[in-house]
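Here the structure comes first, spelled out in structure tokens, and everything after it is commentary.
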Amino acid sequence: MNVAKLLEKRRTDWTELERLCEAMEVRGSTDSVSPKHRGAPGVVRFSSLYRAACADLALADAYQLPPNTVTYLHRLVARAHNQLYRTHSPAPGGWVRILFTEAPQRIFNDGCVRVATLVFFGLFALAMVMGAAEEQFPGFAERICGSKMLEGTSESFKEPLAVSPEEYTARAAFYIRHNTGIGLQCFAYGILLVPCLVTLAYNAIVLGATFGYMSRDGVEGADHFFEFVTAHGPFELTAIALSAGAGLRLGMGLFYTRGLSRVDSVRRSGRDAVPVMAASAAMFILAAFTEGFLSPSGAPYLIKVAWSILSSGLITLYFVVLGFPRHESDGGSLVRTARYADLVDSRLPIDGADDDAT
Numbered sequence: 018m019n020v021a022k023l024l025e026k027r028r029t030d031w032t033e034l035e036r037l038c039e040a041m042e043v044r045g046s047t048d049s050v051s052p053k054h055r056g057a058p059g060v061v062r063f064s065s066l067y068r069a070a071c072a073d074l075a076l077a078d079a080y081q082l083p084p085n086t087v088t089y090l091h092r093l094v095a096r097a098h099n100q101l102y103r104t105h106s107p108a109p110g111g112w113v114r115i116l117f118t119e120a121p122q123r124i125f126n127d128g129c130v131r132v133a134t135l136v137f138f139g140l141f142a143l144a145m146v147m148g149a150a151e152e153q154f155p156g157f158a159e160r161i162c163g164s165k166m167l168e169g170t171s172e173s174f175k176e177p178l179a180v181s182p183e184e185y186t187a188r189a190a191f192y193i194r195h196n197t198g199i200g201l202q203c204f205a206y207g208i209l210l211v212p213c214l215v216t217l218a219y220n221a222i223v224l225g226a227t228f229g230y231m232s233r234d235g236v237e238g239a240d241h242f243f244e245f246v247t248a249h250g251p252f253e254l255t256a257i258a259l260s261a262g263a264g265l266r267l268g269m270g271l272f273y274t275r276g277l278s279r280v281d282s283v284r285r286s287g288r289d290a291v292p293v294m295a296a297s298a299a300m301f302i303l304a305a306f307t308e309g310f311l312s313p314s315g316a317p318y319l320i321k322v323a324w325s326i327l328s329s330g331l332i333t334l335y336f337v338v339l340g341f342p343r344h345e346s347d348g349g350s351l352v353r354t355a356r357y358a359d360l361v362d363s364r365l366p367i368d369g370a371d372d373d374a375t
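Numbering (my numbering), first residue to last: 18 to 375.
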């Protein structure tokens with residue numbers, strides 16, 4: 018038996034193992050490679066290929082095949098070993114990478130988050146324009162929100178903002194409960210898709226119509242209203258859209274399984290939804306503290322505008338700048354650069370081994 022020729026016949030399995038390793042490194046599972054690699058069968062196939070590669074490495078070492086072949090197999094086996102026996106490190110550096118690299122990139126590339134964001138902010142802006150244009154759309158805001166609600170909102174902002182500092186903590190606690198309630202409602206309805214979109218659209222239209230009504234000429238308390246909502250608006254509105262996006266991701270796993278069992282599909286979608294919901298919860302808390310401590314205070318309006326600009330910039334930095342896809346070079350890791358194509362292009366071909374080896 019010619020060992021070099023035998024190992025040459027194994028190149029198909031090596032290439033398949035490379036693809037599985039790549040999928041594990043990028044997405045955490047082998048589901049994206051092909052239908053036969055989804056779920057439990059994919060794990061079994063990965064393990065089988067790993068054991069076969071270990072045997073091939075032992076043969077290559079024993080029969081002193083060309084160094085480039087042995088090096089390639091060492092890297093491939095190490096790469097597969099790292100994925101098969103990987104553990105989640107609790108080290109602080111690992112959490113930093115998850116929070117500032119993996120989470121924003123996953124959120125940025127999540128189609129459900131994009132849909133929820135477009136639906137929410139699109140309907141919000143449209144309702145605000147229609148609510149403000151009383152001549153073109155007479156009675157729109159009143160039909161959406163009710164005259165009593167709009168009049169009550171106007172009445173509550175007649176006086177200048179100067180809430181007693183003793184009330185700040187109670188207000189922040191109330192807004193945490195109120196805001197997270199809206200987010201959890203959108204998230205919970207997401208499992209059925211349509212109720213989530215209806216809830217998201219309803220909140221967007223009501224909020225937009227209220228903003229539009231308060232922006233009309235002659236409405237009492239309009240200046241104080243916009244002074245109040247300026248500081249916490251970016252965090253709160255973004256959090257609502259994110260919570261709906263997380264819910265939609267969960268619902269997509271229930272109805273669009275991509276060949277997995279329904280339970281496995283929902284489990285995978287749940288993992289994808291976790292960073293989205295975590296970001297939403299953090300923004301709801303930030304919005305609540307801002308709404309409880311800064312928004313109702315007598316602080317100069319310039320400070321509230323500055324905080325609004327800063328918070329908008331932080332949101333953009335986190336979800337757009339940090340989340341924008343980046344292609345990292347593999348040159349810094351010998352394990353991650355195990356490619357059969359590199360072996361074929363090498364000056365030392367695999368069949369250059371001693372043909373008499375048996």
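Glycine included, every Cβ here is placed at the ideal spot set by N, Cα and C.
- Contact between the stretch 280–291 and the stretch 214–233: three or more CB pairs below 8 Å? Segments in contact, no.
- Item | Three-state secondary structure (DSSP) of Pro313 | Note: Pro313 maps to coil in three-state DSSP.
- Query: Helix, strand or coil: how does DSSP classify Ala150 here?
  - Reply: coil
- Asp234: buried (16+ other C-beta within 10 angstroms of its C-beta) or exposed? exposed
- Do Glu33 and Leu93 come within 8 Å of each other at the CB atom, strictly closer than that value? At least 8 Å separates the beta-carbon of Leu93 from that of Glu33.
- Item | Contact set for Thr134: own chain, Cβ-Cβ below 6 Å, skip 5 residues either direction | Cβ contact annotation for Thr134 (same chain, cutoff 6 Å, sequence separation greater than five): Ala258, in chain order.
- Task: Check whether the Cβ atoms of Ala226 and Ala296 sit closer than 8 Å, and answer yes or no.
- Result: It is not a contact, given that the beta carbons lie outside the stated cut-off.
- Message: With three or more beta-carbon pairs closer than 8 Å as the criterion, would you say the stretch 328–338 touches the stretch 196–209?
- Response: no
- Task: Write down the C-beta distance between Pro313 and Leu101 rounded to the nearest angstrom, noting that I regard them as a contact closer than 8 Å.
- Result: 55 Å between Cβ atoms; not a contact.
- Message: Using a Cβ-Cβ cutoff of less than 8 Å, which residues in the same chain neighbour Gln153 once the five nearest sequence positions on both sides are dropped?
- Response: Met147, listed in sequence order.
- Message: Assuming Ile208 and Leu267 are in contact, meaning their beta carbons sit under 8 Å apart, how far apart are those beta carbons, in whole angstroms?
- Response: 5 Å
- Item | Separation of Pro342 from Glu253, as counted between CA atoms | Distance between the alpha carbons of Glu253 and Pro342: 26 Å.
- What are the boundary residues of the alpha helix (DSSP H) that includes Leu210? Note, Leu210: premise wrong, no alpha helix (DSSP H); not H, not E.
- Item | Proximal residues to Glu6 (C-beta, below 8 Å), its chain only, five neighbours per side dropped | Any property of residue 6 remains undetermined from this structure, which presents the chain solely from 18 to 375.
- Query: Looking at the unbroken alpha helix (DSSP H) that takes in Phe157, where does it start and where does it end?
  - Reply: Phe157 to Cys162
- For Cys38, which of Met300, Arg62 and Glu25 has the nearest alpha-carbon? That would be Arg62, whose Cα lies nearest to the Cα of Cys38.
- Beta-carbon spacing of Ala256, Ser325 below 8 Å: no
- Message: Taking its Cβ as the centre, do 16 or more other Cβ atoms sit within 10 Å of Gly250, making it buried, or is it exposed?
- Response: buried
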